[in-house]
DNA sequence: TGTTAACACGAAAACGTTTTCGGTGCGGAT
DNA sequence: ATCCGCACCGAAAACGTTTTCGTGTTAACA
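Residue numbers (our numbering), protein chains in the order written: chain A, 5 to 350; chain B, 5 to 350.
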């Protein structure tokens, strides 16, 4: 077991000073051709690589980006990570991920752990619990310490930082307009409780679309599920609630669901009620997921372009990191959604 | 913007030495009650937190685990990460992830980037390209530098390190035995080309199960797809190949697929051929995926317990890290698979 | 011969910690 | 008066770099 070789060891072996070795390796003109060659040869032989930690300490830059997300077993979030990793790597950065698991405490702890020198900046999506408690002190504190943050998807306006979001309202409008255009008269929405920003925005889009098409919204067509139900364990409860929706609206012929699972479950319920998709009832989901593509029938969906979100977020952050000291100016980037038409609509 | 406060600043403000501050904060008996209180109060006021990088440099430990996986947009891998993160955090470790994207070069580059001091050890799953080229020098090099590695899922026996795997052979046998037990006479396997270890092992399990039940394997029942086809873009090609399988075996009544996508696609093809699942043909997949659960019909599958794999891998690694110097002894941990029965089998 | 400039290299500081090893001052014992 | 021990604190090294500044040697030049 040969430990990693350091400048000091090379210096000792070659009987020169540490500075000479360092300079030689960095091709400084100060060092004679002769010693430069000698040092380089030796370094190559022993496979010398500068120690990242020492460099980080010296430069006060870690070349590392911290990611905090609520959950990683999730198609959307993993796509975002992929996007971040892609451009981070291209710029010589690494990514270190922390999972909040939708918990406020874990979010805070994770951020504190990373903020003490381990990373140069954050890219994050806020946990549900944090959104619920509306306690954002940890974001403000890290920002005030000079550490830039980029938020994506689940954001809050109060925080002064760069943001990358999807136009949830517009995406939802597109979907609902599609249903209307396809002849649906009774369009329901299956959404989450209001405190999660994206649920609220998509509901807003639903309402706006109805209004634009002069359709009176009906309370019975708006199903707000507790979003613990996304966690796959409460599937039965979710199914029950959707069944109620069907029973209360016999003439239901269109469903817009704010996520993939709700949509898939709605299709399952529809089938149970003997309704044919898309002839009797049409369904549109909202997500980047893998379920939509491979379900039967495959699901028409509003794609969020998770990877692109990640890429943009990383670009914004890295720009901030490499242009420090310039006047602060935060932007909110909106990624266009795309309606991907599949078999669940006409 | 107030930068993070350091020991030196506290020392200057309080007119004591750096050492005194450090000791006071760590409750050293060397420092008088008085100054201890004073220092602590000041530190608390300015929200002092020791700089991780400096600590890492001093201790030559980063308390960080490097993960290298081929792909993150993948249910199995993200579950593994979740497991790793869980126990890592419990022990005060962070995780930093690198994606090889199934490329040998990216795997090497990522490892080199992290091995220079950024992390204490690796948890990784080998990329397909690496398995194909059988070039494992980067693993051996990092190990010989004293950095422990734990491999999971896709491993090679040549490398001397801890490993966490699923009993692919046994899992496959369970699945095929189930099909046999359910009365299937013509059981096909849809698998990958041989160089990916898991595909090979699962095929082996398939063959062993047949043998145990005195069934002659037939070459036409073994479909080896190029595994670029998992990438969702070659779906049509995959579908074609499976159609050929159906055409060549009119009496096909059981399918064992080595991953979720193959299984789902097989069900799609079956439906196209007018076969009813599970009455005419039964299907079993191999994975932890989300598709299986929500497909119609839902898919009977061999679960790999990805999260548990991650947890065990992290435990192995952390044990190694915290018991350095003890005699080397590598173990290979086998996580039991579980056959989850759903609607695609009788 | 004395001055200067170029060249080649080393010492040391700095990044932020922790820890070892010495102090200093003081009270009590001899 | 001398010595010892104790309580309290600081200097300095160490982790591995990079970089600034200084210094010695040599050759060129007046």
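No residue lacks a Cβ here, since even glycine has one placed at the ideal position from N, Cα and C. Keep in mind that this is a model prediction, so the values were computed, not measured.
Residue 156/A places its beta carbon less than 8 Å from that of residue 317/A. Short of 6 Å from the beta carbon of residue 134/B, and not among the five residues preceding or following it, lie these beta carbons of its own chain, in chain order: 108 and 111. Note on residue 245/B: 16 or more other CB atoms within 10 angstroms of its CB, so buried under the neighbour-count rule. At a cut-off of 8 Å, the C-beta of residue 283/B has no neighbouring C-beta in chain A. The alpha helix (DSSP H) runs lying completely inside the stretch 67 to 121 of chain B and spanning 4 residues or more are 79 to 94 and 108 to 119, given in chain order. Of all residues in the stretch 38 to 70 of chain A, the ones placed with a Cβ closer than 8 Å to any Cβ belonging to chain B are 51, 53, 54, 55, 56, 57, 58, 60, 61, 66 and 68, in chain order. In the DSSP assignment, residue 187/B falls outside any beta strand (DSSP E) and carries neither an H nor an E. No Cβ of chain A is located within less than 8 Å of the beta carbon of residue 115/B.
Cβ-Cβ distances below 8 Å link residue 301/A to 271, 281, 282, 346, 347 and 348 in the same chain, with the five nearest sequence neighbours on each side left out; the list follows chain order.
Residue 89/A belongs to the set of residues whose beta carbon lies under 8 Å from a beta carbon in chain B. A Cβ-Cβ separation of about 5 Å places residue 98/B in contact with residue 68/B under the 8 Å criterion. In chain order, 148, 149 and 150 make up the part of chain B whose C-beta sits under 8 Å from the C-beta of residue 5/A. 194/A is the residue among 7/A, 231/A and 194/A whose C-alpha sits nearest the C-alpha of residue 222/A.
At least 8 Å separates the beta-carbon of residue 229/B from that of residue 247/B. Among the residues of the stretch 294 to 308 of chain B, those with a Cβ less than 8 Å away from any Cβ of chain A are 294, 295, 297, 298, 299 and 300, in the order of the chain. For residue 307/A, there is no enclosing alpha helix (DSSP H); the residue is found in the beta strand (DSSP E) stretching over 304 to 307. Contact between residue 124/B and residue 65/B holds, since their C-beta atoms are separated by about 6 Å, short of 8 Å. Assignment of alpha helix (DSSP H) within the stretch 248 to 335 of chain B, counting only whole runs of 4 or more residues, yields 264 to 276, 295 to 298 and 310 to 326 in chain order. Listed as beta-bridge partners of residue 171/A by DSSP are no residues whatsoever. The beta carbons of residue 299/A and residue 299/B sit closer together than 8 Å. For residue 150/B, the secondary structure class from DSSP, reduced to helix, strand or coil, is coil.
DSSP places residue 338/A within a strand segment (E or B) once states are collapsed to three.
Counting along the chain, residue 128/A sits inside the beta strand (DSSP E) bounded by residues 125 to 128. Across the set 186/B, 249/B and 141/B, the C-alpha of 141/B shows the shortest separation from the C-alpha of residue 162/B. Pairwise C-beta distances place the stretch 47 to 55 of chain A in contact with the stretch 113 to 133 of chain B, as three or more of them are shorter than 8 Å. At least one C-beta of chain B is nearer than 8 Å to the C-beta of residue 268/A. The beta carbon of residue 171/A sits closer than 8 Å to the beta carbons of 338, 339, 340 and 341 from its chain, once the five residues preceding and following it are set aside; these are given in chain order.
For residue 336/B, the number of other beta carbons within 10 angstroms of its own is below 16, and it is reported as exposed.
If you look at residue 192/B, you'll find it in the beta strand (DSSP E) that goes 191 to 196.
Residues 82, 85, 101 and 103 of the same chain have their beta carbon placed closer than 8 Å to that of residue 76/A, with the five preceding and five following residues left out of the count. Of all alpha-carbon atoms in 185/A, 268/A and 160/A, the one lying nearest the alpha-carbon of residue 201/A is that of 160/A.
In this structure, DSSP gives residue 31/A a state outside helix and strand, which the three-state scheme calls coil.
Cβ contact annotation for residue 70/B (same chain, cutoff 6 Å, sequence separation greater than five): 100, 118, 123 and 126, in chain order.
Taking C-beta separations shorter than 8 Å and ignoring five residues to either side along the sequence, the partners of residue 242/B in its chain run 229, 233, 265, 266 and 269, following chain order.
At a cut-off of 8 Å between C-beta atoms, residue 321/B does not count as an interface residue with respect to chain A.
With contacts defined by Cβ atoms closer than 8 Å, residue 206/B and residue 150/A do not form a contacting pair.
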